[in-house]
Structure formats: structure tokens, C-alpha cells
Amino acid sequence: MTKPATTPRQQPMGGGTLLLWFGGAAAAFLLLFLLITIILRQLPDPIGLRADLFVEGARMTLMLTLVSGVIGLILGVVAGIQKTSALWWVRLPASIFIWLVRGTPLLVQILFVYNAVPPLLKSIGIDLELNEFWSAVVALSLNVGAYNAEVIRAGILAIPPGQGEAARSLGLNGAQTMSTVVLPQALRIVVPPLVNNLVALLKDSSLASSIALLELTLAGSRVSSESFEPIPVLTTIAAVYLALTTVMTLFTDQLEKRVKVGSR
Amino acid sequence: MKRPLQTALLTLTALALLASTGQARTWADIKKSGTIKIATEGAFPPFNVLKGKELTGFEVELANELAKSLGLKVQWVTQPFDNLLIGLKSDRYDFVIASHGITPERARAVDFANPHYCTGGAIVTKPGGPMTAAALSGKSVAVQVGTTYLENVRKVSGVKDVKTFPKDTDAQAALMAGRADAWVGDKFTGIELVKAQKGKVVQGALLFNERIGMAVNKGNASLLKELNAALTKSLSDGSYAKLSGKYFGQDVRCKS
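Taken in order, these protein sequences are the chains called A and B.
First residue of the first sequence: 3, per our numbering; consecutive thereafter.
First residue of the second sequence: 1322, per our numbering; consecutive thereafter.
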């Protein structure tokens, strides 16, 4: 499917290849879950009997990562561009957001969204109570969004100012310069650190176990507290996390290769 | 397919062997050192609870008395509940007193002393909520992870959702916040909660009865014998009755 990187002129990723990439990733994860189920069922007690609990937990972990990852990416792009603005009132909200989120622990943020936000909203007349999943998604996507914002800002700053000046002198306005000249180049630079954030997000989602969301870590701690056998359980959890991140990076590596093409 | 599986199994076995090299302190070792290490949770009022920095509660005072009658100083350790027996198995402390219901699964992993009180798992809910096991059908129930309440709620048919929290107090908070329709926990803790919340919650039926015991590491017979002897003495000389009256206004020892 992919040609070796030495081919001098590859087209950057088009809609078709992107679709193929998504399809491939989805298929790979389905296959991975099938494989995990088969392997875990073979293992001796206490893992084998409860294999389905681990798989269910792993599925929840992946769901959390994907949903929060997408929202976090959008948040990051918006806040990242805001931070490079020349206008202080555009920069300020993004700066405050990043300051708050990056300066407090994720565990506190998750507990805050779950336990403190509903009563706060109630006191101003909004009766909204997020369930465990969406509480975790809100906290995780805000968190990864703040880190993504800094990555994207760095990417934008890495584009030589001459590029922007040239675009402006050709008659493009600010928005056009950003969307057609600066961002396409910046996005290539930021793919590896964004992937890094995504992998970190997958592992950080384990903190959602504190609000009774049955993801991989809580599934494991249920099993270990029933069987009193922490070694096989923790080893299994670690192995499943590793499998998830491995498959994920397999595909993000492809993505990196493809977006690199245009800059060579 | 065969190979990686075998490797994984081998690795697990090797790790398990590495981990099981610890040795529980026997009664002679403890007696010689003069200090006994006791673990509890510290988040289970009125049995074991941290009030600020001070660890107190019925079980804490009882264990202090037992240690005193054995002529030992006490060093307390607090741990998350689901970690307590795991820590005991790796000999981080000599025994655990943390309202562990005696179950066959647990008895396979550790050795239990004679029960030091009898209780039950009770439903607590908001007024108008489910009060019986049958009424739990279609409802969501909050419980603490690694407890007998979790096991027993699972046995109730038709429960929509069992939410497991790291601490009992978190599970109660979920009930208070309306995130669960009921909380299942110890009946005495439930009574305390009802008292503390002044009518915002009510206690329903008992789901099951259980006997509560202290746990020592598997095979530590010498320590178990001393603990049982001290407990028997306390039950007969009136000190247990005094302590039980102070906390519950009744004698909570097992009747049969």
C-alpha cells in the first residue's frame, strides 16, 4: 500500500488515503480486541475467568482516548492559534485556560468535573449532571487540549516569519495566510508531539477509575481485590495498555510518514 | 499463537515466585520486637476512621486493647481497602482489622481470627428509593470496590448498574449526589450515615448477614492463636461489652 519513503514525489495524503487509514486503524483495533479476548481467555485463574471484564475495560479506555483525543485536538488548535494572536483579548482566554489546566493535577480535574461541577452549575440554575463517561471526557479533553495548544503554538512559531510576510505581500489576508500558508506547514511539524500527547492521554485515562468508570484500570483493581493476586492482574493490565499504545503508534507512524512528504 | 502465550505464562510464574519470598512475622518475632504492625482502612466510620490525623473507631480501639493485653506497642498503617489483604500477603503488616466479612474467597487467601462482630449489608437510599432487594431491580447501586457488598449486589437479579468506588465514602457521596439510586454497605455505617444526613437518606432491608474477622497472613498460626486468645479474654471480661456499648449502644458480638 505505502511506497518506500525514497520515492521522490509522493502526493500528500488525500481524502481516499485518509479514509483508508481510518479504516485500517479501525480494523486493526477490532483485530486487537479479538486477539486480546482469545489470549486472555487462555490464561489461568484469575485472568482467564474474567477475560471479558478486561476486554470491556480496554474498550472503554480506547473510547475515552478517541473521544477526548478528538475534542482535545479541536480545543488545542483553537487555543493554540489564539495564543499566537497579536491582540491581547484574544490571547488572554487561551492563556488562562492553559494556565489553569496545566498547573493542576489531572486527578483533581477529573474529581472536580465529577463531584464539584454539578453542584456549582445547580447553584446558578443549570441542572446538568454528566455521567461518569462524559465527566471523564470533559476533564481529559480539557487537559490534553491545553497541552496540544502549546504544541500547536510552537508549531506555528516554528514557521519562519518570512513565509507570512511573503503571503501578505502577495495579497492574502491574515486568515488566508494562517489557513493556506502557516497552518499546513505547522501541522506537519506538530504531528509527532501531538501523537505523544495522544499516547499520554491513553495512559492518563486510567485516572478515570477514581470516579467509578469501568475502564481497564478499574477492571483490573476489581479483579485483584477479589483474587488478592496483584502480580498477574497488574501484568495483564500493563500488557493490554502496551498493546493498545503499540497499535496506535503503528498507525500514527504511518500518518507521520505521509504528512512529511510535502516538506521534503 | 502458542509461543507468546507460553512466554507470558512463564514470565508470570517467574514473577509470582519472586514475589512469594517474603516471610510473615511469627508470634515469637513480634513478641521479641515488642511492636505489632496493624493495618486498617481509616475511612469506615464508626469502625475505623481518621478524624484529622487521629485514627479512631470501634475496631481501632478494640485492636489497641488486644495489643495491650498481649503486652505489645502498636504501629498503625492505613491503606486503601482493596489493597489491605494484598499488603498483608506481602507482609507489610502483621494483621488487618478493617471489617472484613469472612468469605470463602478471602479465606483461601488469608487466615481469619474468630469474628469480632456480626453485621449485615444494608441498603441505604433517599426517601422513596428502593428499600428491598426486589426493588433494586432496574436501579443503579453504588458500592466500594473489593467488598462483600459488591459480590452480594451482583447476586441480586435485575440491578441495572453497579458502580464501584475506591472508598465507601465516595460511594455514599454518589448516593447523596443522586448519581446512584442506592448505596449498599455495612448496616452500622448505614445507621451513622442516616443520623449524619438527618432524614435525607433512609435505611432499607438487609441484603445479607456476615461475620467480621481480623485477618493474618496464610499459615501464621502462632499469631492467630494469640489474637484469638486476646479476643476471647476481651469478650469475657467485659471490656468488649463496654467498647461496643460506647459505639453502638448495644453488644455487637456474634450471638451464635
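Ideal placement from N, C-alpha and C gives every residue a C-beta, glycine not left out.
In this text the structure is predicted, and so the values were computed from the model without any measurement.
Distance, Cα to Cα, residue i vs residue j?
i, j, result
"proline 1436(B)", "glutamate 1531(B)", "9 Å"
"glycine 1511(B)", "alanine 1463(B)", "13 Å"
"arginine 52(A)", "arginine 43(A)", "8 Å"
"phenylalanine 1379(B)", "leucine 1514(B)", "16 Å"
"aspartate 47(A)", "tryptophan 91(A)", "59 Å"
"glycine 1534(B)", "leucine 1383(B)", "12 Å"
"glycine 26(A)", "leucine 64(A)", "16 Å"
"threonine 1342(B)", "tyrosine 1414(B)", "Caution is warranted here: a pLDDT of 46 is assigned to threonine 1342(B), below 50, making its placement in the model unreliable, and no coordinate value can be reported."
"glutamate 1426(B)", "glutamate 228(A)", "8 Å"
"serine 208(A)", "leucine 218(A)", "7 Å"
"leucine 1545(B)", "lysine 1554(B)", "14 Å"
"valine 1445(B)", "alanine 1456(B)", "12 Å"
"leucine 1552(B)", "leucine 1387(B)", "7 Å"
"tyrosine 1438(B)", "aspartate 54(A)", "37 Å"
"phenylalanine 56(A)", "glycine 1570(B)", "45 Å"
"asparagine 1549(B)", "alanine 1434(B)", "6 Å"
"threonine 1453(B)", "valine 1477(B)", "10 Å"
"isoleucine 267(A)", "phenylalanine 1486(B)", "The question about residue 267(A) has no answer here: the residues shown for chain A are numbered 3 through 266."
"glycine 1355(B)", "glutamine 1344(B)", "18 Å"
"lysine 1567(B)", "phenylalanine 1368(B)", "12 Å"
"glutamate 1547(B)", "alanine 1526(B)", "37 Å"
"phenylalanine 135(A)", "glycine 1540(B)", "43 Å"
"asparagine 1473(B)", "proline 1366(B)", "21 Å"
Consider the Cβ of residue i: report whether some Cβ of chain B lies at a distance smaller than 7 Å.
i, result
"serine 227(A)", "yes"
"arginine 52(A)", "no"
"phenylalanine 230(A)", "yes"
"arginine 260(A)", "no"
"alanine 214(A)", "yes"
"arginine 224(A)", "yes"
So is residue i buried or exposed if we call it buried at 16+ other beta carbons inside 10 Å?
i, result
"serine 143(A)", "buried"
"glycine 1392(B)", "exposed"
"glycine 164(A)", "exposed"
"phenylalanine 24(A)", "exposed"
"proline 95(A)", "exposed"
"asparagine 175(A)", "exposed"
"leucine 204(A)", "buried"
"arginine 260(A)", "buried"
"tyrosine 1561(B)", "buried"
"threonine 106(A)", "exposed"
"alanine 118(A)", "exposed"
"glutamine 1493(B)", "buried"
"proline 232(A)", "buried"
"leucine 77(A)", "buried"
"asparagine 145(A)", "buried"
"isoleucine 83(A)", "buried"
Does the CB of residue i have a neighbour CB from chain A at under 7 Å?
i, result
"valine 1466(B)", "yes"
"isoleucine 1407(B)", "yes"
"aspartate 1432(B)", "no"
"aspartate 1350(B)", "no"
"serine 1572(B)", "Reading off the sequence shown, one finds aspartate at residue 1572(B), where the question assumed serine. By this cut-off, aspartate 1572(B) is not an interface position."
"aspartate 1558(B)", "no"
"threonine 1342(B)", "Residue confidence for threonine 1342(B) is low, a pLDDT of 46 falling below 50, so the modelled location carries little weight and cannot support an answer."
State yes or no: is the beta carbon of residue i nearer than 7 Å to at least one beta carbon in chain D?
i, result
"valine 79(A)", "Checking the listed chains, one finds no chain D in this structure; the protein chains it contains are A and B."
**Asked** Between the stretch 1471-1488 of chain B and chain A, which residues of the former have a C-beta closer than 7 Å to a C-beta of the latter?
**Response** Taking a C-beta cut-off of 7 Å against chain A, the contacting residues of the stretch 1471-1488 of chain B are Lys1484, Thr1485, Phe1486, Pro1487, listed in chain order.
**Request:** Could you please tell me which residues of the stretch 1498-1522 of chain B, in chain order, have their CB closer than 8 Å to any CB of chain A?
**Result:** Those residues of the stretch 1498-1522 of chain B that come within reach of chain A (Cβ to Cβ, closer than 8 Å) are Ala1498, Gly1499, Arg1500.
**Item:** Contact list for the stretch 1410-1424 of chain B against chain A, Cβ threshold 8 Å
**Value:** So the close ones are Lys1410.
**Request:** Quick one: which unbroken alpha helix (DSSP H) runs of 4-plus residues sit fully inside the stretch 153-181 of chain A? Chain order, please.
**Result:** Whole alpha helix (DSSP H) segments, 4+ residues: 163-171.
**Item:** Minimum length 4: unbroken alpha helix (DSSP H) runs contained in the stretch 101-162 of chain A
**Value:** Every alpha helix (DSSP H) stretch that sits fully inside the stretch 101-162 of chain A and reaches 4 residues is listed by chain position as 108-113, 119-125, 134-159.
**Request:** Taking only beta carbons into account, state which residues of the stretch 95-120 of chain A come closer than 9 Å to chain B, listed in chain order.
**Result:** Of all residues in the stretch 95-120 of chain A, Tyr116, Asn117, Pro120 have a Cβ within less than 9 Å of some Cβ in chain B.
**Asked** Going along the chain, which unbroken runs of the alpha helix (DSSP H) with 4 or more residues stay wholly within the stretch 45-78 of chain A?
**Response** Counting only runs of 4 or more, we get nothing.
**Request:** Scan the stretch 1336-1417 of chain B and note each continuous alpha helix (DSSP H) run of 4 residues or more that stays entirely inside, going in chain order.
**Result:** List check, alpha helix (DSSP H) in window: 1348-1354, 1379-1390, 1402-1410.
**Request:** With 7 Å as the limit, tell me which residues of the stretch 1426-1458 of chain B have their beta carbon closer than that to any beta carbon of chain A; keep them in chain order.
**Result:** Among the residues of the stretch 1426-1458 of chain B, those with a Cβ less than 7 Å away from any Cβ of chain A are Glu1426, Ala1430, in the order of the chain.
**Request:** Let me know the alpha helix (DSSP H) ranges lying completely inside the stretch 1427-1490 of chain B, each 4 residues or longer, listed in chain order.
**Result:** Assignment of alpha helix (DSSP H) within the stretch 1427-1490 of chain B, counting only whole runs of 4 or more residues, yields 1469-1476 in chain order.
**Prompt:** Which full runs of the alpha helix (DSSP H) of 4+ residues lie inside the stretch 1537-1577 of chain B, going along the chain?
**Reply:** List check, alpha helix (DSSP H) in window: 1542-1557, 1560-1569.
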